[in-house]
Amino acid sequence: MEKIRAWIEEAISPGYEYEVYMEHRKKTTLESADESLENLLRAEEAGIGIRVFKDRKMGFSYTTDLDKEAIKECVKVATQVCDITPEDYGFSLGACQDFGNLETYYDKEGLKRPLEEKIDLIISLERRAKELDPRVKGVRKVSLKETELEVVCFNSCGLFYEYRGTWYTLIMAVLAEEGGDSSISYEYSGNRFLSDLPFEKLVEDVVFKATASLNPSQMETIKMPAVFFREASAMLLEAFSTLFLGDALVKGKTFLRGKEGTEVFSQKLTIVDDGTLNGGFMSLPVDAEGYTMSRKVLVDEGVFKGFLHSTYTALRSGAKPTGNSVRESFRSLPLSGITNLYIDPGEKSLEDLLQGDVFLITDLMGLHTVDPVSGDFSLGASGIIYKGGRRLKGVRGVVIGGNIRDIWSSVIEVGNDLRFYGNVGSPSILVENITVGG
């Protein structure tokens with residue numbers, strides 16, 4: 028690392044500041060179907076991204092070639108881009124603290140487990156799904172992805188940090204059949220440790236969703252109370268998470284602009300972003316620009332408290348960085364982003380929420396079509412109609428529409444069944460009324 032710093036110092040022109048972000052990433056992906064290994068993919072990549080600053084201008088370049096001449100050329104290109112970029116008072120270096128080597132979640136034992144064991148593990152999930160319900164006729168896919176990441180970041184004002192971490196994701200798709208009808212459902216989970224992935228719970232949930240809407244009944248357009256099952260609620264939260272980002276604020280692409288300190292949603296709703304969450308999928312000591320991560324309450328019992336900021340968006344909006352600068356890789360610039368985002372759980376069980384006449388929404392489709400600027404959405408949905416607290420019929424292919432402001436404003440109960448799907452989590456939530464189109 029010191030060698031690379033020396034090359035950059037040699038290449039940088041007087042009067043320019045710089046930031047260097049380096050990473051080394053290893054990925055292994057295992058996929059099974061029909062109780063046999065279908066795909067085994069391994070990839071490894073290292074690279075460096077360099078930002079150069081001068082007079083409120085910024086240039087960026089990256090390279091996967093880590094020899095001296097390639098890195099010096101990368102500095103040269105970033106400097107040239109900086110010189111022709113318009114001034115922007117948001118362009119600035121991030122933090123300036125030397126953190127040294129940081130501790131984070133690193134699964135040595137998971138990495139050491141033999142490949143054969145991991146293959147047997149995902150195939151065993153297929154068998155378990157069929158054991159849970161005879162209507163499960165096949166498993167379309169089980170995918171386990173293992174990522175090991177090493178990061179080093181430093182800048183010309185004194186910032187330095189390095190860490191290595193692990194991430195595991197598990198995806199499962201199940202086919203259920205009954206009486207000539209069939210249904211496919213997906214389930215996803217992520218964890219920093221292989222052994223902490225909720226294997227049994229994931230299989231139970233995907234089987235429940237796949238079988239819930241078999242032999243669906245027709246449904247007329249109606250307004251009725253609805254329970255968003257925890258995964259459906261988390262998917263909705265993730266789809267509208269950009270509402271809380273500083274980049275959306277700066278670009279005028281959030282209806283929360285100017286709403287700080289006002290009640291915008293139901294008093295039952297509290298939304299948190301916590302980069303320090305114990306075991307959190309995106310928990311790290313610092314963000315991509317070196318600011319310490321923390322717990323931020325974005326919505327406190329319905330009251331909007333503020334946005335999530337990177338250095339750029341904080342300067343542009345007169346705020347302070349919140350430890351929410353994220354980078355997809357060394358190829359990308361830092362942006363404001365979520366860490367571990369979730370709806371704070373309540374005290375009611377899912378069974379409590381299902382008392383009365385209610386539509387339990389287990390699956391949502393078309394989330395890529397939501398409009399996070401206005402809050403509008405129209406989504407396909409599947410689930411179960413309950414009457415008097417008892418299951419009445421399965422429903423599939425209906426449409427739910429409206430605005431996320433109305434949904435989150437009409438939350439009347441929040442469940443206690445919080446679960447994370449990667450870095451976004453939610454309990455089940457009961458909404459007073461939603462339009463369901465047959």
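Under our numbering, the very last position in the sequence shown is 465; numbers go up by exactly one each time.
All residues carry an ideal CB built from backbone N, CA and C; glycine is no exception.
Where residue i sits in the DSSP three-state scheme
i	result
residue 352	strand
residue 400	coil
residue 55	strand
residue 93	coil
residue 240	coil
residue 215	strand
residue 309	coil
residue 253	strand
residue 73	strand
residue 284	coil
residue 262	helix
residue 206	coil
residue 390	strand
residue 151	helix
residue 278	coil
residue 317	coil
Proximity to residue i [Cα-Cα], best of the options
i	options	result
residue 462	241, 430, 451 and 455	430
residue 417	116, 283 and 384	384
residue 251	37, 41 and 457	457
residue 111	103, 363 and 86	86
residue 466	131, 34 and 412	The chain is shown only over 28 to 465; residue 466 falls outside these bounds and no answer can be derived.
residue 477	198, 72, 141 and 161	Nothing about residue 477 can be read from this structure; the chain reaches only from 28 to 465.
residue 371	324, 130 and 69	324
residue 149	114, 195 and 29	195
residue 155	173, 132 and 201	201
residue 151	61, 342 and 104	61
residue 353	421, 312 and 282	312
residue 55	281, 126, 140 and 334	140
residue 146	67, 92 and 126	67
residue 172	142, 162, 104 and 409	142
residue 167	447, 132 and 64	64
residue 436	331, 351 and 336	331
Alpha-carbon spacing of residue i relative to residue j, whole angstroms
i	j	result
residue 45	residue 297	39 Å
residue 225	residue 135	19 Å
residue 326	residue 107	43 Å
residue 178	residue 77	14 Å
residue 58	residue 153	11 Å
residue 96	residue 81	23 Å
residue 181	residue 118	17 Å
residue 345	residue 128	31 Å
residue 99	residue 35	6 Å
residue 186	residue 434	43 Å
residue 292	residue 329	4 Å
residue 271	residue 287	11 Å
residue 397	residue 246	23 Å
residue 406	residue 209	21 Å
residue 42	residue 89	21 Å
residue 240	residue 169	21 Å
residue 214	residue 84	44 Å
residue 144	residue 138	11 Å
residue 237	residue 211	5 Å
residue 414	residue 378	13 Å
residue 360	residue 52	17 Å
residue 190	residue 381	45 Å
residue 183	residue 123	8 Å
residue 132	residue 420	44 Å
residue 175	residue 318	22 Å
Beta-bridge partners of residue i, as assigned by DSSP
i	result
residue 435	Its beta-bridge partners do not exist; DSSP assigns none.
residue 125	187
residue 63	60
residue 85	80
residue 195	173 and 218
residue 417	414
residue 333	According to DSSP, which records beta bridges pairwise, residue 333 is partnered with nothing at all.
Close beta carbons around residue i, own chain, < 6 Å, minus the five adjacent residues each side
i	result
residue 304	310 and 367
residue 301	322 and 367
residue 338	119, 121, 316 and 348
residue 249	463
residue 259	388 and 391
residue 267	399 and 431
residue 340	273, 274, 277 and 363
Any chain D beta carbon closer than 8 Å to residue i
i	result
residue 402	The question asks about chain D, but that chain is absent: this structure has only one protein chain.
Close beta carbons around residue i, own chain, < 8 Å, minus the five adjacent residues each side
i	result
residue 373	295, 440, 441, 442, 443 and 454
residue 159	230, 231 and 234
residue 40	106
residue 114	82, 83 and 84
Check: residue i C-beta below 7 Å from any heavy atom of the ligand GDP
i	result
residue 434	The ligand GDP is not among the ligands present in this structure, which contains no ligands whatsoever.
Own chain, CB closer than 7 Å to residue i, minus 5 neighbours either side, in chain order
i	result
residue 253	385, 386, 388, 458 and 461
residue 403	430
residue 342	116, 117 and 119
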